[in-house]
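Start counting the sequence shown at 2; every next residue gets the next number (the numbering used here).
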Amino acid sequence: MVPAGGRIISITVHHLNNSRSQRILWLLEELGLPYTITRYQRDSKTMLAPASLKKVHALGKSPVIVDEETGLTVAETAVIVNYLIAKAGGRMGAPGEAAADLRYQYWMHYAEGSLMPPLVLKLIMGRVPVMGRFAMKKVQPMIDNHLDFVEGELAAREWFSGDDIGGADVMMSFPLEAARSRAGLNGSRPATMAWLKRIHARPAYQAALAQGGPYAYA
């Protein structure tokens, strides 16, 4: 967007390495919205975000964006995705047909509400001696159940909300990339692996990787 005077209105992405914020860079590239990046590095021992992120948002987590045009600070990935899609005139938003719209909203919430919790639990338990290994034996079947469910859905359609890529695919990218990295997602679920291959091949995804820096899950 170029306002009177020719100055480009930009969005600042507060980007933490190897985090959910990589999805926001990808979406911005897909939508063609101008943005800049403020970078943060995880602590090499704790893997936590630095305290400096709390100066942007009280919870000190990423992603967070600041929209120069509106002056708004926006947190939570799904909220940011919806905000940016609205800013881009609805591109990559809900398809506009009742069943597909409901499916779109389902996957937008499922990504963080259902799929990420057992993935995070497995990551945490993997760092706890003895009891953690016992707990992981309980967690992996939960993850497998989710991955089988996702596989069945992607076997029926190319994208999560229907015929075209949308915000729901952006939301689902991080948990499925994490599942491939550490939770058993592999070629035994070919439809899901094909979906990952499709998103990783997109020019906008590749451009986001170039902008965001090293990302362990691509």
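Cβ atoms here follow ideal geometry from the backbone N, Cα and C, with glycine treated the same way. Here the structure is a predicted model, which is why all the values come from computation and not from measurement.
Rounded Cβ spacing between residue i and residue j (contact assumed at less than 8 Å)
{"i": "ILE86", "j": "GLY94", "result": "4 Å"}
{"i": "SER182", "j": "ILE200", "result": "No, SER182 and ILE200 are not in contact; Cβ-Cβ is about 15 Å, not under 8 Å."}
{"i": "ILE81", "j": "PRO119", "result": "The pair is not a contact, with the Cβ atoms about 23 Å apart (cut-off 8 Å)."}
{"i": "ASN19", "j": "ALA217", "result": "5 Å"}
Bridge-paired residues (DSSP) for residue i
{"i": "GLU17", "result": "Reading off the sequence, residue 17 comes out as Leu, not Glu. According to DSSP, which records beta bridges pairwise, LEU17 is partnered with TYR41."}
{"i": "THR78", "result": "In the DSSP output, where bridge partners are listed per residue, THR78 has none listed."}
{"i": "TYR218", "result": "Paired residue(s): none; TYR218 is not in a bridge."}
{"i": "TYR206", "result": "BP columns for TYR206 are empty, so no partner."}
{"i": "GLY114", "result": "Answer is none; GLY114 lacks a bridge partner."}
{"i": "ILE200", "result": "Beta-bridge pairing links ILE200 to no other residue."}
{"i": "ILE12", "result": "TYR36, ASP68"}
For residue j and residue i, the rounded distance between their alpha carbons
{"i": "TRP27", "j": "MET126", "result": "30 Å"}
{"i": "LEU177", "j": "LYS56", "result": "30 Å"}
{"i": "GLY220", "j": "ASP149", "result": "Since the first residue of the chain shown is 2 and the last is 219, residue 220 is not available in this structure."}
{"i": "GLU31", "j": "THR47", "result": "33 Å"}
{"i": "ASP170", "j": "PRO215", "result": "21 Å"}
{"i": "ALA179", "j": "GLY72", "result": "33 Å"}
{"i": "SER115", "j": "TYR105", "result": "15 Å"}
{"i": "ALA202", "j": "PRO130", "result": "38 Å"}
{"i": "TRP196", "j": "MET172", "result": "13 Å"}
{"i": "ALA52", "j": "THR78", "result": "20 Å"}
{"i": "ASP164", "j": "GLN207", "result": "22 Å"}
{"i": "ARG190", "j": "ALA219", "result": "17 Å"}
{"i": "MET137", "j": "LYS123", "result": "6 Å"}
{"i": "THR39", "j": "TYR84", "result": "19 Å"}
{"i": "VAL3", "j": "ILE12", "result": "Caution is warranted here: a pLDDT of 37 is assigned to VAL3, below 50, making its placement in the model unreliable, and no coordinate value can be reported."}
{"i": "ASP68", "j": "ALA100", "result": "32 Å"}
{"i": "SER45", "j": "ALA76", "result": "24 Å"}
{"i": "VAL121", "j": "GLN212", "result": "26 Å"}
{"i": "PRO204", "j": "ALA157", "result": "25 Å"}
{"i": "VAL14", "j": "GLY91", "result": "20 Å"}
{"i": "ILE166", "j": "ALA112", "result": "15 Å"}
{"i": "HIS147", "j": "GLN141", "result": "10 Å"}
{"i": "GLY168", "j": "MET117", "result": "17 Å"}
Within 8 Å, strictly: CB atoms of residue i and residue j
{"i": "SER63", "j": "HIS110", "result": "no"}
{"i": "HIS1", "j": "THR74", "result": "Given a span of 2 to 219 for the chain in the structure shown, any question on residue 1 remains unanswerable."}
{"i": "ILE10", "j": "ILE66", "result": "no"}
{"i": "LEU155", "j": "LYS88", "result": "no"}
{"i": "THR193", "j": "GLU152", "result": "yes"}
{"i": "TYR41", "j": "LEU54", "result": "yes"}
{"i": "TRP108", "j": "SER22", "result": "no"}
is_contact[residue i, chain D] using C-beta, thresh 8 Å
{"i": "THR193", "result": "Checking the listed chains, one finds no chain D in this structure; it contains a single protein chain."}
Where are the alpha helix (DSSP H) runs, 4 residues long or more, that stay fully inside the segment 56-111, in chain order? Runs found: 78-88, 99-111.
Restricting to runs no shorter than 4 residues, where is the alpha helix (DSSP H) found entirely within the segment 132-194? Entirely contained in the segment 132-194, the alpha helix (DSSP H) runs reaching 4 residues are, in chain order, 132-157, 168-183.
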